[in-house]
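Participant: The listed protein sequences derive, respectively, from chains W and V. For the first sequence, the working numbering gives the first residue as 1, with consecutive numbering after it. For the second sequence, the working numbering gives the first residue as 1, with consecutive numbering after it. Cβ atoms here follow ideal geometry from the backbone N, Cα and C, with glycine treated the same way. Right, I'll just put the structure down here and ask away after.
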Amino acid sequence: MNGTVVKNQLIFDFASGILGPAKSLFASTYLQLNSNASKIGSTFEKILGENLMDNENINPKNLKYSDCINSANIKSTSNIKDPVTSFFGNLNNLKWKQVYKGFKEYTAQIDDIDELKLIKMDPGVSVPLHSHGGKEYILVLEGSFCDEYGVYSKGDIQINDQKIKHTPIASRDTGCVCLSITEKDVIFFGKYGSFLNLFTFIKSFFKSK
Amino acid sequence: MKRIQKDRDEMAFSEVFDFFAPKVNAYFIQNGIRFESSEELTQEVLSTVWAKSNLYDSNKSALSTWIFTIARNKKIDFFRKNSKIDFIEEDIREFLYQDREFNLIEENEAKKQIERINNELDEQQKIMIKMNFFENKSHKKIADELEIPLGTVKSRIRHILTKMQGFLR
């Protein structure tokens, strides 16, 4: 499957409402920042809406329209800002954890099989060549980064699987902040590779305790 | 819908109710929710339609799309009820709906895209989209119900997604 199909799959799954909480937050931020993704999402919702239009009828037994008018337990609409801020709060106030110089991350406390993380890279900082044990989704929230495959700016998404090895470098002018989902831990190569692998191994060891 | 929004017309609402309540109820049952719960959820959906009718914007979407999104959000809440996270999913989705800058040209564009998709896909492919994304059935279940091998279901759905991608730009 190529990258676009995987991206669309994410949008379709979001529209269907089958994503776990981590991926769901990720996808909603993607739709908010990327107008093309948002268009695809609403087109797909329209298709699902037509499915509802043509759906078979199974009548509720004890429900009348007046029950719905008198129902009081509908919560009022909240005025949230955007998905990331409403979930993480102000990003500057987070307790970022420095992984190495110029590279910080913040792991969300979210009860899910997927890991949701924020990543902050200072201008010009790079990540050593690595590949991925499972799928990794990266969405740029601020600034940009580039790797062997291209440049990724605000609202762009990169989906990496086992076959991809890359060396992302944050923009020299702006650095970057990204939202990421990892389905399994990353495998590092190169100079610091074995050290970083050991680090992820130790991290996962403590996590499982 | 205008009569509901402007005049709080209960008769107009009863028409919307009569048309959509059985379809929404069926949607929940197709998604594997037991009958009593499906009826409760249907009540929540239609109550939301009445209580939050001012949020609906006919320039942004068809009524069926709006009601589908409400039903889907209730489904998510229902399946997450047992989980520990207090997630603001519904708020986020409401925000996205309101944030969406949709003008009529794009609406027409979307209509054309859907027409093209509908023309391109055959009946079985449409049924597979419905089963996969509307009823959220697993590939295994789709294979059982349509009596075709699992591998065939997987490759056909991949084929449908690739085909649709050509129309979604």
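(1) For a contact defined as C-beta to C-beta under 8 Å, what are the partners of Pro-149 (chain V) on chain W?
(2) With H, G and I counted as helix, E and B as strand and the rest as coil, what does DSSP make of Ser-150 (chain W)?
(3) State yes or no: is the C-beta of Ala-108 (chain W) within less than 9 Å of the C-beta of Ser-144 (chain W)?
(4) Take Arg-156 (chain V) as the anchor and find which of V:Leu-168, V:Ser-61, V:Phe-17, V:Asp-122 has the nearest alpha-carbon.
(5) Taking C-alpha atoms, which residue in W:Leu-116, W:Ile-181, W:Ser-16 lies nearest to Thr-65 (chain V)?
(6) Between the alpha carbons of Lys-60 (chain V) and Phe-68 (chain V), how many angstroms are there, rounded?
(7) Does Glu-120 (chain V) have its Cβ less than 9 Å from a Cβ in chain C?
(8) Can you name, in chain order, every residue of its own chain whose Cβ lies under 8 Å from the Cβ of Lys-6 (chain V), other than the five neighbours on each side?
(9) Note down the Cα distance separating His-130 (chain W) from Thr-167 (chain W), rounded to an integer number of angstroms.
(10) Should Tyr-100 (chain W) go down as buried or exposed, given a rule of 16 or more other Cβ atoms within 10 Å for buried?
(11) Note the first and the last residue of the continuous alpha helix (DSSP H) segment covering Leu-59 (chain V).
(12) Got a sec, what are the start and stop residues for the alpha helix (DSSP H) Lys-228 (chain W) sits in?
(13) Within the present structure, is the beta-carbon of Leu-129 (chain W) separated from the nearest heavy atom of the ligand NAD by less than 8 Å?
(14) On the premise that Ala-26 (chain V) lies in contact with Val-45 (chain V), defined as a C-beta separation below 8 Å, what is that separation, rounded to the nearest angstrom?
(15) Out of W:Tyr-152, W:Ser-180, W:Glu-136, which has the shortest C-alpha to C-alpha gap to Gln-162 (chain W)?
(16) Shorter than 9 Å from the beta carbon of Gln-158 (chain W) to some beta carbon of chain V?
(17) List, in chain order, every chain V residue whose beta-carbon is nearer than 7 Å to that of Asn-90 (chain W).
(18) Whose C-alpha, out of W:Ile-18, W:Lys-81, W:Glu-45, is nearest the C-alpha of Ser-112 (chain W)?
(19) Which same chain residues end up closer than 8 Å to Trp-50 (chain V) when comparing Cβ atoms and leaving out the 5 residues on each side of it in sequence?
(20) Closer than 7 Å by beta-carbon distance: list the chain W residues that pair up with Leu-96 (chain V), in chain order.
(21) Rounded to the nearest angstrom, how far is the Cβ of Phe-26 (chain W) from that of Leu-116 (chain W), given a contact under 8 Å?
Facilitator: Let's see:
(1) Taking the first residue of the second sequence as 1, we reach residue 149 (chain V) at position 149. What Pro-149 (chain V) touches in chain W: nothing, since even the nearest Cβ is about 20 Å away.
(2) The residue you call residue 150 (chain W) lines up with position 150 of the first sequence. The sequence given here places Gly at residue 150 (chain W); Ser does not occur at that position. Assignment of Gly-150 (chain W) by DSSP, reduced to helix, strand and coil, places it in the strand class.
(3) Looking up residue 108 (chain W) in the first sequence gives position 108. Looking up residue 144 (chain W) in the first sequence gives position 144. Result no, Cβ atoms of Ala-108 (chain W) and Ser-144 (chain W) do not sit closer than 9 Å.
(4) Sequence index remark: in the second sequence, residue 156 (chain V) carries index 156 (1-based). Nearest Cα to Arg-156 (chain V) within the set V:Leu-168, V:Ser-61, V:Phe-17, V:Asp-122: V:Asp-122.
(5) Within the second sequence, numbered from 1, the residue matching residue 65 (chain V) stands at position 65. Among W:Leu-116, W:Ile-181, W:Ser-16, the Cα nearest to that of Thr-65 (chain V) belongs to W:Ser-16.
(6) Here the question's residue 60 (chain V) lines up with position 60 in the second sequence. Here the question's residue 68 (chain V) lines up with position 68 in the second sequence. If you draw a straight line from the Cα of Lys-60 (chain V) to the Cα of Phe-68 (chain V), it comes to about 14 Å.
(7) Included in the structure are the protein chains W and V, with no chain C among them.
(8) What you label residue 6 (chain V) is simply residue 6 of the second sequence in a count that begins at 1. Contacts found: none.
(9) Here residue 130 (chain W) is taken as the residue at index 130 of the first sequence, counted from 1. Here residue 167 (chain W) is taken as the residue at index 167 of the first sequence, counted from 1. Approximately 7 Å between the Cα atoms of the pair.
(10) Indexing the first sequence from 1 puts residue 100 (chain W) at position 100. Classification for Tyr-100 (chain W): exposed.
(11) Walking along the second sequence from the start, residue 59 (chain V) turns up at place 59. At residue 59 (chain V) the sequence reads Asn, which differs from the Leu that was named. Counting along the chain, Asn-59 (chain V) falls outside any alpha helix (DSSP H), and DSSP gives it neither H nor E.
(12) Nothing about residue 228 (chain W) can be reported from this structure: the residues present for chain W run from 1 to 209 only.
(13) Questions concerning the ligand NAD fall outside what the structure shown contains, since it holds no ligand whatsoever.
(14) One-based indexing of the second sequence puts residue 45 (chain V) at position 45. One-based indexing of the second sequence puts residue 26 (chain V) at position 26. Their Cβ separation, rounded to whole angstroms, is 12 Å, which puts Val-45 (chain V) and Ala-26 (chain V) out of contact at 8 Å.
(15) One-based indexing of the first sequence puts residue 162 (chain W) at position 162. When C-alpha distances from Gln-162 (chain W) are compared across W:Tyr-152, W:Ser-180, W:Glu-136, the shortest belongs to W:Glu-136.
(16) Indexing the first sequence from 1 puts residue 158 (chain W) at position 158. Closer than 9 Å: no.
(17) Counted from its first residue, the first sequence places residue 90 (chain W) at position 90. Close to Asn-90 (chain W), with beta-carbon spacing below 7 Å, lies no residue of chain V; the smallest spacing is near 16 Å.
(18) Position 112 of the first sequence holds residue 112 (chain W). Going by the sequence as given, residue 112 (chain W) is Asp instead of Ser. Closest by alpha carbon: W:Ile-18.
(19) Counted from its first residue, the second sequence places residue 50 (chain V) at position 50. Counting only residues of its own chain and dropping the five nearest sequence neighbours on each side, Trp-50 (chain V) has a CB closer than 8 Å to the CB of Ile-4, Phe-13.
(20) Translated into the one-based positions of the second sequence, residue 96 (chain V) becomes position 96. Those are Ser-28, Leu-31, Gln-32, listed as they occur along chain W.
(21) Residue numbering aside, residue 26 (chain W) sits at position 26 when the first sequence is read from its first letter. Residue numbering aside, residue 116 (chain W) sits at position 116 when the first sequence is read from its first letter. The Cβ separation is near 7 Å, so the contact holds.
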